[in-house]
Amino acid sequence: MLILTCPNCGQTGEETEFHAGGEAHLKRFGPGSTDDDFEGYLFMRENPKGVHFERWRHAYGCGKWFHAARCTTTLEVFGIYSAQVTEPPKELCDRITEKRPGWSWRAFS
Amino acid sequence: MSSATSALNGATWSDGIATVTEAPLQGMITLRGAFSDAKVKKAATSVAGVDMPGQGQANCVETRGICWMSPDELLVLCPYDTVGTNIEKMQAVLGDQHSLCVDVSDARGVFDLSGPRAREVLAKLVPVDLAPDQFTFGMFRRTRMAQVPAAFWLHEDDTFRIICFRSQAQYVFDLLITAAQPGSDVNFF
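Heads up: the sequence lines are chains E and P, in that order.
Everything in the first sequence is counted per this note's numbering, starting at 324 for the first residue and increasing by one.
Everything in the second sequence is counted per this note's numbering, starting at 202 for the first residue and increasing by one.
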């Protein structure tokens, strides 16, 4: 069972109280971008076995968005952080490195 | 003028291990704004007559109270017939502060689930740790109840007050009485 703690309201709930919002930290390429960039933004997603960064919404609770870093195989949640950032906090990346040495995800490692 | 009635007209059921009662019409005002602003706090506390609750908490006395809904949303409870004047009072306190208060009394259904087994009945329906030492008096929780959103708090010892959307009131009532069927004790808590 995937158990998340919402950083906005502090409630801990299991997966069904939340709604997955897809991959985190996507950079938007809109009108005027190249076809390759636009295609990447629209369709290309990470599908890792291991460390993954996602957006979640506390749909049945406070209704707010947040980011979560978790392991796709063990469902271990490494950390939860604010929705209003464009990259995971350094301290969280360090904690993941302790648990999963050599991990990398897109530009982060 | 037509008279306002609650969603299920005060339906009640007590043939099982807990009693389910639809509460009479409850005045509810949604207040959104920055809690850091003194006016927002004052708007809520002056109308409800209780202290501002902390995160994830509710302060409720009879039909008055304040529930902490999210980092920028409060649910202010007051007697049903005072909602109109209370909203005017709140708007006067808020002035031009960026905020919103709106009457949601008729958009909700309210239930009381009571009895020594109430905790157990509710625990069958919500993904929340309801152990007596985990969910205590004063806590307020918004969550999923089977297939619909709901919020609840311990209104009195052994009595949970549950809020749901009015359109889902019949579903929630049926759900509660199903979970409280005679002989369905789990004896976990």
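Quick reminder that beta carbons are idealized off the backbone N, C-alpha and C, glycines included.
Per-residue burial, residue 391 of chain P [other beta carbons within 10 Å of its own, 16 or more giving buried]: The structure shown does not extend to residue 391 of chain P, since chain P is modelled only from 202 to 390, so the question has no answer here.
Identity of the residue in E:363, E:394, E:340, E:365 nearest residue 375 of chain E by Cα: By 1-based counting over the first sequence, the position of residue 375 of chain E is 52. It is E:394.
The region 337-346 of chain P touching the region 302-309 of chain P, judged by at least three CB pairs closer than 8 Å: In this structure the region 337-346 of chain P does not lie against the region 302-309 of chain P, because fewer than three pairs of beta carbons, one per stretch, are closer than 8 Å.
Where residue 423 of chain E sits in the DSSP three-state scheme: Here residue 423 of chain E is taken as the residue at index 100 of the first sequence, counted from 1. Three-state result, residue 423 of chain E: coil.
Host beta strand (DSSP E) of residue 346 of chain P (start-end): Numbered from its first residue, the second sequence carries residue 346 of chain P at position 145. Per DSSP, residue 346 of chain P belongs to the beta strand (DSSP E) from 341-346.
As assigned by DSSP and simplified to three states, the class of residue 285 of chain P: Here residue 285 of chain P is taken as the residue at index 84 of the second sequence, counted from 1. Residue 285 of chain P falls in the helix class under three-state DSSP.
Members of the region 327-338 of chain E that neighbour chain P once the beta carbon cut-off is set at 9 Å: 331, 332, 333, 334, 335, 336, 337, 338
CA-to-CA distance, residue 355 of chain E to residue 363 of chain E, given in whole angstroms: For this step, residue 363 of chain E is matched to residue 40 along the first sequence. For this step, residue 355 of chain E is matched to residue 32 along the first sequence. Rounded to the nearest angstrom, the two C-alpha atoms are 14 Å apart.
Any non-hydrogen atom of the ligand MG within 7 Å of residue 430 of chain E CB: The model depicted lacks the ligand MG and carries no ligand whatsoever.
Neighbour flag for residue 300 of chain P against chain E, beta carbons, 8 Å: Start at 1 with the first residue of the second sequence, and residue 300 of chain P comes out as number 99. No, residue 300 of chain P lies away from the interface with chain E (no Cβ there is under 8 Å from its Cβ).
Bridge partners - residue 337 of chain E, DSSP secondary structure assignment: Residue mapping note: residue 337 of chain E aligns to position 14 of the first sequence, counting from 1. Residue 337 of chain E pairs with E:326.
Where the region 374-386 of chain E meets chain P: residues whose CB sits under 7 Å from a CB there: 383, 384, 385, 386
C-beta neighbour in chain E for residue 254 of chain P, strict 8 Å: For this step, residue 254 of chain P is matched to residue 53 along the second sequence. For residue 254 of chain P, the answer is no, since every Cβ of chain E falls outside 8 Å of its Cβ.
Same chain, Cβ closer than 7 Å to residue 249 of chain P, five either side skipped, listed in chain order: What you label residue 249 of chain P is simply residue 48 of the second sequence in a count that begins at 1. Answer for residue 249 of chain P: 265, 266, 267, 277, 278, 279, listed in chain order.
Other residues of its chain near residue 211 of chain P: CB distance less than 6 Å, five sequence neighbours each side excluded: On the second sequence, residue 211 of chain P is found 10 positions in, with the first residue counted as 1. If we look at residue 211 of chain P and ignore the five residues flanking it on each side, its Cβ neighbours are 223.
Residue nearest to residue 333 of chain P in terms of C-alpha spacing, selected from P:355, P:348, P:314, P:293: In the second sequence, counting from the first residue as 1, residue 333 of chain P sits at position 132. The residue with the shortest Cα to Cα distance from residue 333 of chain P is P:355.
Same chain only: Cβ atoms within 8 Å of residue 330 of chain P, ignoring 5 sequence neighbours per side: Position 129 of the second sequence, counting from 1, holds the residue named residue 330 of chain P. Closer than 8 Å at the Cβ level, and outside the excluded window around residue 330 of chain P, lie 336.
CB contact check: residue 188 of chain P to chain E, cutoff 8 Å: Given a span of 202 to 390 for chain P in the structure shown, any question on residue 188 of chain P remains unanswerable.
Per-residue burial, residue 255 of chain P [other beta carbons within 10 Å of its own, 16 or more giving buried]: Position 54 of the second sequence, counting from 1, holds the residue named residue 255 of chain P. By the neighbour-count rule (16 or more Cβ atoms within 10 Å), residue 255 of chain P is not buried but exposed.
Exposure of residue 321 of chain P, with buried meaning 16 or more beta-carbon neighbours within 10 Å: For the purposes of this step, residue 321 of chain P is identified with residue 120 of the second sequence, where counting begins at 1. So residue 321 of chain P counts as buried.
Exposed unless 16 or more other CB atoms sit within 10 angstroms - verdict on residue 409 of chain E: Within the first sequence, numbered from 1, the residue matching residue 409 of chain E stands at position 86. Burial check for residue 409 of chain E: the Cβ neighbour count within 10 Å stays below 16, so the residue is exposed.
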